[in-house]
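A.B. asks:
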Amino acid sequence: NSFILDDPDLKDIDPTVLKHCHAAAAMCILEAGKQNADISAISTCLEDCKLDKERIEQFCTEYQKNKDALEILLGSIGRSPLHITDVSWRLEYQIKNNQLHKTYQPSYLVTLNVENSDSGSHPDVSFSCTMEQLQDLVGKLKDAAKSLERATQM
Amino acid sequence: SIFLKALCAFFKGKLNISVDIIQHGVEGLMYLLTESSKLMISEVDFQDSINVLGFSDELNKSLLQLYLDNRKEIRSILGELAPRLPSYHSLEWRLDVQLASRSLRQQIKPAVTMKLHLNQNEDQTAQVLQTDPATLLHLIQQLEQALGEMKMNHCRRIVRNMK
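Line by line, the protein sequences are chains A and B.
With the first sequence counted from 1, adding 836 to any position gets you the numbering used here.
With the second sequence counted from 1, adding 47 to any position gets you the numbering used here.
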């Protein structure tokens with residue numbers, strides 16, 4: 837809100853009125869975005885609010901320009917499970933440990949980078965696996981991808 | 048069992064067998080078998096090692112048999128003691144399409160929801176994760192590259208030379 841109150845063009849207007857206008861405009865924009873309203877619906881709504889033609893046109897033009905960004909923003913709000921953003925892996929060959937020598941086994945360490953919908957960051961999910969287990973994992977992911985492809989073709 | 052026979056053979060001829068001696072005997076046997084299994088020493092090396100103890104031939108033979116019979120299981124138990132990260136158990140997945148939310152109606156947002164089952168020290172954990180189609184394809188590509196590495200000459204050479 838401070839960027840509105842500090843704007844030099846608006847300094848002659850009563851701050852309370854400014855706040856109300858800002859809130860009303862924001863609400864209008866968010867509601868229009870939420871409902872995926874088209875221009876004619878927004879125009880009609882603004883006409884009912886007794887705005888003049890020029891202002892309605894200006895508002896709608898600005899709205900159209902930012903509509904996609906608004907949709908993305910609104911779509912990203914909300915709860916969802918931890919979201920995987922990336923994966924890193926490490927291949928190692930185990931030779932020995934203090935309990936057992938001559939182990940001679942390849943082993944993968946996989947780290948899934950995850951994001952929380954609320955706070956953004958979250959400790960990564962790491963796990964080790966054998967080659968067979970990694971093949972199982974990749975196989976299942978490929979099944980999911982194939983299903984997705986089929987679903988998009990329907 | 049061979050274990051008891053070896054124990055009795057060891058104590059044959061001793062008149063007063065105190066608890067301490069038996070305990071030391073058992074501990075000695077345990078140490079012998081554990082260390083031998085840990086290092087995976089050959090039959091010849093095992094025999095050479097116990098020869099210095101001055102036991103009878105029959106006892107040496109029993110000890111060797113004891114070692115050979117049990118080393119696989121001992122090694123498998125020792126393997127459980129090593130430091131470990133959670134390990135992969137399995138993965139379940141589900142395709143979802145988000146149609147609406149409180150903030151936005153009329154969506155078509157595909158997502159893959161997964162349940163990753165991991166083992167950690169005898170506990171099994173399940174973590175619910177989600178990803179979008181683009182990231183899913185990226186994950187597959189990266190992990191397939193990882194799998195391919197073992198087949199590369201570099202890795203093959205190392206595996207060959209390590210044994």
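Cβ coordinates follow ideal geometry from the N, Cα and C atoms, glycine included.
Any idea what DSSP makes of G60 of chain B, helix, strand or coil?
C.D. replies: For this step, residue 60 of chain B is matched to residue 13 along the second sequence. For G60 of chain B, the pLDDT reaches just 48, beneath the cut-off of 50, and the residue's location in the model is therefore unreliable, although a value from the coordinates is still provided. In the structure shown, G60 of chain B sits in coil (DSSP, three-state: anything other than H, G, I, E or B).
A.B. asks: Looking only at its own chain, which residues have a Cβ that is under 8 Å from the Cβ of S924 of chain A, when we skip the five neighbours before and after it?
C.D. replies: Here residue 924 of chain A corresponds to residue number 88 of the first sequence, with the count starting at 1. Same-chain partners within the cutoff: V946, T947, N949.
A.B. asks: For L973 of chain A and E191 of chain B, what's the separation of their Cα atoms in angstroms?
C.D. replies: Taking the first residue of the first sequence as position 1, residue 973 of chain A is located at position 137. Taking the first residue of the second sequence as position 1, residue 191 of chain B is located at position 144. Cα-Cα distance, rounded: 10 Å.
A.B. asks: Quick check on the DSSP output: what are the complete beta strand (DSSP E) runs of length 3 or more inside the stretch 944-983 of chain A, in order along the chain?
C.D. replies: Taking only runs of at least 3 residues, the beta strand (DSSP E) segments lying wholly in the stretch 944-983 of chain A are 961-965.
A.B. asks: Which residue marks the beginning of the alpha helix (DSSP H) containing F141 of chain B, and which one marks its end?
C.D. replies: To locate residue 141 of chain B, count along the second sequence from 1; it is residue 94. In the sequence on display, residue 141 of chain B carries Arg and not Phe. Taken as a continuous stretch (DSSP letters only), R141 of chain B belongs to no alpha helix (DSSP H), being part of the beta strand (DSSP E) at 134-145.
A.B. asks: Would you check if the stretch 918-932 of chain A and the stretch 894-901 of chain A touch, i.e. whether three or more CB-CB distances between them fall below 8 Å?
C.D. replies: No, because fewer than three Cβ pairs between the stretch 894-901 of chain A and the stretch 918-932 of chain A fall closer than 8 Å, the two stretches do not touch.
A.B. asks: DSSP three-state label for E928 of chain A, please.
C.D. replies: As a position in the first sequence, residue 928 of chain A is number 92, starting the count at 1. The answer is strand: DSSP assigns E928 of chain A an E or B state.
A.B. asks: Taking 8 Å as the CB-CB limit, is C965 of chain A close to chain B?
C.D. replies: In the first sequence, residue 965 of chain A corresponds to position 129, counting from 1. Yes - at least one Cβ of chain B is within 8 Å of the one on C965 of chain A.
A.B. asks: Flag S89 of chain B as yes if its beta-carbon sits less than 8 Å from any beta-carbon of chain A, otherwise no.
C.D. replies: Stepping through the second sequence from its first residue, residue 89 of chain B is reached at position 42. Cβ-Cβ to chain A under 8 Å: no for S89 of chain B.
A.B. asks: So, with DSSP's three-state summary, where would you put D95 of chain B?
C.D. replies: Residue numbering aside, residue 95 of chain B sits at position 48 when the second sequence is read from its first letter. In this structure, D95 of chain B counts as helix in the three-state DSSP scheme.
A.B. asks: Between the stretch 165-175 of chain B and the stretch 128-136 of chain B, can you find at least three pairs of beta-carbon atoms closer than 8 Å?
C.D. replies: The stretch 128-136 of chain B, when compared against the stretch 165-175 of chain B, does touch it at the 8 Å Cβ threshold.
A.B. asks: So that I know if they touch, is there some Cβ in chain A lying closer than 8 Å to that of Y135 of chain B?
C.D. replies: Here residue 135 of chain B refers to the residue found at position 88 when the second sequence is read from its first residue. Output row for Y135 of chain B: interface = yes.
A.B. asks: Using a Cβ-Cβ cut-off of 8 Å, state whether G126 of chain B counts as contacting chain A.
C.D. replies: Translated into positions along the second sequence, residue 126 of chain B becomes position 79. Closer than 8 Å to some Cβ of chain A, the Cβ of G126 of chain B qualifies, so yes.
A.B. asks: What are the partner residues of M161 of chain B, as DSSP defines its beta bridges?
C.D. replies: Taking the second sequence and counting its residues from 1, the one referred to as residue 161 of chain B is at position 114. DSSP, once it has assigned bridges, lists B:W140, B:L176 as partnering M161 of chain B.
A.B. asks: Assuming contact is defined by CB atoms lying nearer than 8 Å, are L151 of chain B and L910 of chain A in contact in what I supplied?
C.D. replies: Counting from 1 along the second sequence, the entry for residue 151 of chain B is found at position 104. Counting from 1 along the first sequence, the entry for residue 910 of chain A is found at position 74. Taking 8 Å as the Cβ cut-off, L151 of chain B and L910 of chain A qualify as a contacting pair.
A.B. asks: Please classify V961 of chain A as buried or exposed, where buried requires at least 16 neighbouring CB atoms within 10 angstroms.
C.D. replies: Here residue 961 of chain A is taken as the residue at index 125 of the first sequence, counted from 1. Its Cβ being crowded by 16 or more others within 10 Å, V961 of chain A is buried.
A.B. asks: Does the Cβ-Cβ distance between S96 of chain B and I121 of chain B come in under 8 Å?
C.D. replies: Counted from its first residue, the second sequence places residue 96 of chain B at position 49. Counted from its first residue, the second sequence places residue 121 of chain B at position 74. It is not a contact, given that the beta carbons lie outside the stated cut-off.
A.B. asks: Any beta carbon from chain A within less than 8 Å of K119 of chain B's own beta carbon?
C.D. replies: Within the second sequence, the letter at position 72 stands for residue 119 of chain B. Output row for K119 of chain B: interface = no.
A.B. asks: Give a single yes or no on whether M161 of chain B has its beta carbon closer than 7 Å to a heavy atom of the ligand ATP.
C.D. replies: This structure lacks the ligand ATP, and indeed carries no ligand of any kind.
A.B. asks: Should I205 of chain B be flagged as near chain C, meaning a C-beta pair shorter than 8 Å?
C.D. replies: Of the protein chains in this structure, namely A and B, none is chain C.
A.B. asks: Using a beta-carbon distance below 8 Å, is E74 of chain B in contact with chain A?
C.D. replies: The count along the second sequence starts at 1 and reaches residue 74 of chain B at position 27. By this cut-off, E74 of chain B is not an interface position.
A.B. asks: For a test of the three-state rule: what should DSSP assign to L846 of chain A, helix, strand or coil?
C.D. replies: Counted from its first residue, the first sequence places residue 846 of chain A at position 10. DSSP places L846 of chain A in helix when its eight states are reduced to three.
A.B. asks: Let's see if you can read the secondary structure: which residues bound the alpha helix (DSSP H) around R891 of chain A?
C.D. replies: Position 55 of the first sequence holds residue 891 of chain A. Where R891 of chain A is concerned, the enclosing alpha helix (DSSP H) stretches over 889-912.
A.B. asks: Which of the three DSSP states is assigned to L155 of chain B in this structure?
C.D. replies: Translated into the one-based positions of the second sequence, residue 155 of chain B becomes position 108. According to the sequence provided, residue 155 of chain B is Ile. The question's Leu does not apply to it. In the structure shown, I155 of chain B sits in coil (DSSP, three-state: anything other than H, G, I, E or B).
A.B. asks: Could you check the C-alpha separation between N117 of chain B and F102 of chain B for me, to the nearest Å?
C.D. replies: Locating residue 117 of chain B in the second sequence gives position 70, where the first residue counts as 1. Locating residue 102 of chain B in the second sequence gives position 55, where the first residue counts as 1. Using only the alpha carbons, I get a separation of about 21 Å.
A.B. asks: When you compare only the Cα positions, how much space is there between G60 of chain B and H201 of chain B?
C.D. replies: As a position in the second sequence, residue 60 of chain B is number 13, starting the count at 1. As a position in the second sequence, residue 201 of chain B is number 154, starting the count at 1. In this prediction, G60 of chain B scores a pLDDT of 48, lower than 50, which makes its location untrustworthy; the coordinate-derived value is nonetheless stated afterwards. Cα-Cα distance, rounded: 59 Å.
A.B. asks: Strictly below 7 Å CB to CB, what residues from chain A border E191 of chain B?
C.D. replies: Here residue 191 of chain B corresponds to residue number 144 of the second sequence, with the count starting at 1. Those within 7 Å of E191 of chain B in chain A are V974.
A.B. asks: Establish whether the CB of A862 of chain A and some CB of chain B are separated by less than 8 Å.
C.D. replies: Taking the first sequence and counting its residues from 1, one reaches residue 862 of chain A at position 26. Taking Cβ atoms only, chain B never reaches closer than 8 Å to A862 of chain A, which makes this a no.
A.B. asks: Assuming S916 of chain A contacts S953 of chain A (C-beta within less than 8 Å), just tell me the rounded distance between them.
C.D. replies: Within the first sequence, the letter at position 80 stands for residue 916 of chain A. Within the first sequence, the letter at position 117 stands for residue 953 of chain A. Confirmed, about 5 Å.
A.B. asks: Just by C-beta distance, which residues in the stretch 165-192 of chain B are closer than 7 Å to chain A?
C.D. replies: Going along the stretch 165-192 of chain B in chain order, one finds L165, Q174, V175, L176, Q177, T178, P180, T182, L183, L184, L186, I187, Q189, L190, E191 with a Cβ nearer than 7 Å to chain A.
A.B. asks: Could you name the residues that DSSP lists as bridge partners for H856 of chain A?
C.D. replies: Position 20 of the first sequence, counting from 1, holds the residue named residue 856 of chain A. H856 of chain A pairs with nothing; no bridge assigned.
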